[in-house]
Each structure stands twice: as structure tokens, then as C-alpha cells.
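Those protein sequence lines, which keep their order, are chains A and B.
The opening residue of the first sequence carries number 1 in the working numbering; numbering runs sequentially from there.
The opening residue of the second sequence carries number 1001 in the working numbering; numbering runs sequentially from there.
Using N, Cα and C, we set each Cβ at its ideal position, and we do this for glycine too.
Read the structure below first, then the notes.
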Amino acid sequence: MAATDPANIRAALKTALKNGFPDAQVTGYILSSPRPPCFDVDIHEDGVNYDQSMHRGIDEWWFKVTALCATGVLDGAQKVRDGFLKSSGTGSVKAALETDKTLGGVVQNLHVTNVVPRTLQASDSDALYLGAEYTIRVFASGS
Amino acid sequence: MGYVLTDMSVTIGGTTVSSFIRSADVQMSVEDVDLTAMGATSRNHGAGLRDDRLTLEAFSDYTAVTGLDAVLNPLLGSSTGATVVVKPTSAAASSTNPSYTMVGVLFEYHPIQGEVGAAAMTPVTFLPAAGSKWTRATT
């Protein structure tokens, strides 16, 4: 297996999210002009733990996907977020990301470990977005 | 001089499995035979028989042919064992990268083990086949 390129993981996460949420805005990176429902994809603060096995066998990557469910924080937005937070089935972000735990062979294994609710403010306005931040643990080849 | 262990080389029966290995322990030991006689004021330790072993902790992998499970499973309990070679790095054996080789019998193997949410790990123990022990080489 070739060395892991985070760009390939981002692209694969984007594909998984697009497959689960065809109408959502997702580029595989942080969106400059988000239009909910949409997903930011970025490296998690826990970063990368290299050399989990010998001979560059396995690195541990941490990604985060931030879902912006809807504009505002009213009931409708909360219902959209509740749907995202489901642990399985259609509408579940975890299920969409874990449909193929190898992301088409890009990684060895993927696990959506947890999600926390977020209320985010737009950078260019006073608009509030109801969202959720998912943490994703990835084992990928190091060489 | 100390160094950080990231590139240890482990081959089992000619198949390199290094990339699955999280930790390895090449243990060379000699039995402590008590030769203390009456009147002695301290223990007399005799060097007995060699009693070596190799213990590994590896990431579980079920890939056909080249995966760890495919390599190890046929070896379990085989009295003839397999040649296992361990080096500090993947470079050729040398005076600064000695190889340790023995014919090992797979005595303990946990192909499925773990807890929910944790990486699936496989503990492995090889003991020497009859007459074998770790042999150090620098070429």
C-alpha cells in the first residue's frame, strides 16, 4: 500500500459524505462560504501519531468533520441535527462515513469515535449555525 | 547510544511481518540452577539450559496469503516450527544491526482479541523448536 496522502483521505471522506448526503455542500476541506447543510473536513487537533507499527506499517490519523446542519438554532435546525446524530441508518453521518471503513482502500480502517454538538457563528455575519463535530480515527499505511 | 525503535525487522518463515508489529521481545535466558551446598554463605547459581522465546504484539490482519493471520495460523503447534529472524532495523545484518534467528514453534496465538473501540491486536509467542535457540549473527 502506498504512503498515505491526507488529500486522498479528505477526498474519500468527501465522497462518503456526498454519497450519504447528495445535496450537502462538501469539498473535503474547510468551507469558505458554507451553505448548510454542509460539512467541513479537517485534521483533528489530535493530529497524526506516526509509527504505530514497525517499518512504517501503520500511522494513526485523526480527522474531524464538522456538520453545519441548518441556519439558526430553532426547532427545525435541531431536528436536522438530531437526524445527523443518529448512530445508524439513512441520515446518520456516522453511518455514511463508515459505509466503507477502508474508504475504497485509501485507509486500512476508519472509526467515527464520537460527536459533540456545536453552535457556530458565521465569520462574515451574525448568522448562527447549529452543527456537530465528529471525530474520526483512521489507521493508514505509513509507507 | 539510544535510539527510537520504529523499523524493527521481523520475518516468520521467510515472510516479513514487520509492518504489523507494534512490539517485540527477543528473550534470551538461561535457567538458574541452584547449586548451593550446605555450609555455603551465599547462593551458588549454575547456568542451566537455555530457555528462549519471542513474544510479539501485532495489529490483527486477515489479508489472504500475506496477512498476519494467514502467515501464523498454519504454524500453530507445528513441531518443526518456522525460522524467525528479528533485527533492530530492516537494514542488512551487520555489526551494528545484529540478527537474532531461531527455529520457533508457535505456542500462543490470539487471532481475535480486543475490546470495543480499540485497535484489534494479536499477541504471539514463539518458543524454540527442539534443539534451537536464538543465534546472533552480524552478516
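Item                                                                                                                                   : Value
For Val-115 (chain A): DSSP bridge partner residues                                                                                    : A:Tyr-134
Cβ pair Val-112 (chain A), Tyr-134 (chain A) closer than 8 Å                                                                           : yes
Min CB distance Asp-1025 (chain B) to chain A below 8 Å                                                                                : no
Selection from A:Asn-109, A:Arg-137, A:Pro-22 that minimises the alpha carbon distance to Tyr-1062 (chain B)                           : A:Asn-109
Range covered by the beta strand (DSSP E) that runs through Asp-46 (chain A)                                                           : 38 to 49
Between the CA atoms of Met-1001 (chain B) and Ser-1019 (chain B) - distance to the nearest angstrom                                   : 25 Å
Top-ranked residue by Cα proximity to Phe-1107 (chain B), from B:Leu-1054, B:Ser-1094, B:Val-1086, B:Thr-1066                          : B:Leu-1054
Cα-Cα separation between Gly-1048 (chain B) and Ser-1029 (chain B), rounded to whole angstroms                                         : 10 Å
Beta carbon proximity, Thr-1006 (chain B) to chain A, threshold 8 Å                                                                    : yes
Helix, strand or coil at Asp-5 (chain A) according to DSSP, with G and I counted as helix                                              : coil
Whole-number beta carbon distance between Val-138 (chain A) and Phe-63 (chain A), since they are thought to touch under 8 Å            : 6 Å
Near-chain A residues of the stretch 1016 to 1048 of chain B (beta-carbon distance less than 7 Å), N- to C-terminal order              : Ser-1018, Ser-1019, Phe-1020, Ile-1021, Arg-1022
Cut-off 6 Å between Cβ atoms - residues of its own chain near Phe-1059 (chain B), not counting five sequence neighbours on either side : Phe-1020
Selection of the stretch 49 to 70 of chain A by Cβ proximity to chain B, strictly under 9 Å                                            : Tyr-50, Asp-51, Gln-52, Ser-53, Met-54, His-55, Arg-56, Gly-57, Ile-58, Glu-60
Val-1071 (chain B) at chain A interface by Cβ criterion, 8 Å                                                                           : no
Selection from B:Ala-1064, B:Gly-1077, B:Ser-1132, B:Asp-1032 that minimises the alpha carbon distance to Tyr-979 (chain B)            : The structure shown does not extend to residue 979 (chain B), since chain B is modelled only from 1001 through 1139, so no value can be given for it.
DSSP state of Gly-1104 (chain B) mapped onto helix, strand, coil                                                                       : strand
Contact set for Trp-1134 (chain B): own chain, Cβ-Cβ below 6 Å, skip 5 residues either direction                                       : Met-1028, Asp-1052, Tyr-1100, Met-1102
Rounded straight-line distance, which links the Cα of Ala-132 (chain A) to that of Phe-21 (chain A)                                    : 15 Å
DSSP state of Ser-141 (chain A) mapped onto helix, strand, coil                                                                        : strand
Sequence-distant residues of its chain with Cβ nearer than 8 Å to Pro-34 (chain A) (five each side left out)                           : Gln-25, Asp-40, Leu-68, Ala-122, Tyr-129
Chain B contacts from the stretch 93 to 117 of chain A (Cβ-Cβ distance under 9 Å)                                                      : Gln-108, Asn-109, His-111, Thr-113
Opposing strand residues paired with Gln-78 (chain A) [DSSP bridges]                                                                   : In DSSP, Gln-78 (chain A) forms no bridge with anything.
Same chain only: Cβ atoms within 6 Å of Lys-14 (chain A), ignoring 5 sequence neighbours per side                                      : Val-26, Gly-28
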